[in-house]
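Residue numbers (this note's numbering): 1 to 122.
For glycine and all other residues, C-beta sits at the position ideal for the given N, C-alpha and C.
Data first, discussion second: the structure below is written as structure tokens.
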Amino acid sequence: MSDLPPPDPTAAPGPASAPASAPASALPSVGARVVAFVSVLLSGACGALIGYAVADLQCSGDCAVQTGSAAVVGGALAAGGVAVVVVLVLRAMGEWRTIRERDGVAPRRQPTGGVRARPRVQ
């Protein structure tokens, strides 16, 4: 058999020496995720409208199946394309944040508005 003692049922699972500070989350902010989700929905709706319009222009008579299927295909293609771009953008945002935190660079503040003063020429 084994010379190991039986496991303690009251002990917490995981390594005995857990790190004191957990790594920062790689998830983008909630606002960025909401904007990404809305952009995918909006692009799907626009793609569906374009698909419907193209099929409606090319067909005469009763074309409900053709226009409906073109709307579904157009919406799926547009939403899929934008979803790929959104995933890449959110990953890039996460990488930029990780690099800034690693290098200790504070994020740049944007100007608060107004007209930029012209440089003085001497």
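- Excluding its 5 nearest sequence neighbours in each direction, Ser43 has C-beta neighbours in its own chain below 7 Å: Ala78, Ala79 and Val82, listed in chain order.
- Of the residues Val87, Arg120 and Gly51, the one whose Cα lies closest to the Cα of Ala76 is Gly51.
- For Met93, same chain residues with a beta-carbon under 7 Å away, outside a window of 5 residues either side, are Pro28 and Ala32 in chain order.
- Rounded to whole angstroms, the Cβ separation of Ala70 and Ala55 is 3 Å, and the two are in contact under 8 Å.
- For Cys59, the CB contacts under 8 Å within the same chain, skipping 5 residues up- and downstream, are Gln66 and Thr67 in chain order.
- Taking a 10 Å sphere around the C-beta of Gly61, we find fewer than 16 other C-beta atoms and assign the residue as exposed.
- Rounded to the nearest whole angstrom, the C-alpha separation of Gly47 and Gly104 is 42 Å.
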